[in-house]
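K.L.:
My structure is below; once you've seen it, I'll send some questions.
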Amino acid sequence: MLFEIGEENVKTLQQLAGRLEQVESALTTQINQNRTLCDLLLPTPTHLTTKKMDGTNSVLVSWENVIPILNAIDHYDVFVNEKQVGKVVARNKRLLITDTNLSEDMRVSVQACFSKLNNARSQKAEIILHATEEDEKRDEDSPDGKENEKERIS
Numbered sequence: 001m002l003f004e005i006g007e008e009n010v011k012t013l014q015q016l017a018g019r020l021e022q023v024e025s026a027l028t029t030q031i032n033q034n035r036t037l038c039d040l041l042l043p044t045p046t047h048l049t050t051k052k053m054d055g056t057n058s059v060l061v062s063w064e065n066v067i068p069i070l071n072a073i074d075h076y077d078v079f080v081n082e083k084q085v086g087k088v089v090a091r092n093k094r095l096l097i098t099d100t101n102l103s104e105d106m107r108v109s110v111q112a113c114f115s116k117l118n119n120a121r122s123q124k125a126e127i128i129l130h131a132t133e134e135d136e137k138r139d140e141d142s143p144d145g146k147e148n149e150k151e152r153i154s
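First residue of the sequence shown: 1, per UniProt numbering; consecutive thereafter.
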């Protein structure tokens, strides 16, 4: 009798395992569909531009955004070289980044954030801000005597 109960439990566990696989498959399909939907509903910022501010180590970053179907953008996160440097209220669409090293290339990224949609995020829009010879010369001529590390190494 105990042996029969054991066999019945094995069958039940096998049925549950089969159903669990079906649920996992359905969830994977749903997640992939949601990603596609999110890309449509949560657009990536566009027209990303940077402007070096004369006489300072500051860069003004600005962008546009396609108006999403759901007007739910809460804020934008701004990154320099993958490090978050600011959070911008959705209506502003620009940020002044100060104390930057303009003698080195920078990767500037902006990502739309949607707190009303379970903190969903768009893909990052990216732009590379290249160092210029003028910036490198200014760094070499700086009063502390430090020269551009990148130039010194190569």
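No residue lacks a Cβ here, since even glycine has one placed at the ideal position from N, Cα and C.
What's the call for Thr-29, buried or exposed, on a 16-neighbour Cβ count within 10 Å?
P.N.:
Position 29 of the sequence shown, counting from 1, holds the residue named residue 29. Classification of Thr-29: exposed, given that the 10 Å Cβ count is below 16.
K.L.:
Thr-50 and Leu-129 - do their beta-carbons sit closer together than 7 Å?
P.N.:
Here residue 129 is taken as the residue at index 129 of the sequence shown, counted from 1. Here residue 50 is taken as the residue at index 50 of the sequence shown, counted from 1. The answer is yes: Cβ separation under 7 Å.
K.L.:
Could you please give the first and the last residue of the uninterrupted beta strand (DSSP E) stretch that includes Arg-91?
P.N.:
Start at 1 with the first residue of the sequence shown, and residue 91 comes out as number 91. That residue, Arg-91, is in no beta strand (DSSP E); it is neither H nor E in DSSP.
K.L.:
Given Leu-95, which residues of its chain have a CB within under 7 Å of its CB, disregarding the five upstream and five downstream residues?
P.N.:
By one-based count along the sequence shown, residue 95 stands at place 95. Around Leu-95: Val-61, Val-78, Gly-86 and Val-88.
K.L.:
Using the Cα positions of Leu-37 and Ala-26, report the straight-line distance between them to the nearest angstrom.
P.N.:
Indexing the sequence shown from 1 puts residue 37 at position 37. Indexing the sequence shown from 1 puts residue 26 at position 26. Roughly 16 Å between the two C-alpha positions.
K.L.:
Residue range of the beta strand (DSSP E) that Gln-123 falls in?
P.N.:
Walking along the sequence shown from the start, residue 123 turns up at place 123. Neither: Gln-123 is in no beta strand (DSSP E) and is coded neither H nor E.
K.L.:
In whole angstroms, what separates the C-alpha of Ser-58 from that of Leu-117?
P.N.:
As a working note, residue 58 is residue 58 in the sequence shown. As a working note, residue 117 is residue 117 in the sequence shown. Roughly 33 Å separates the two Cα atoms.
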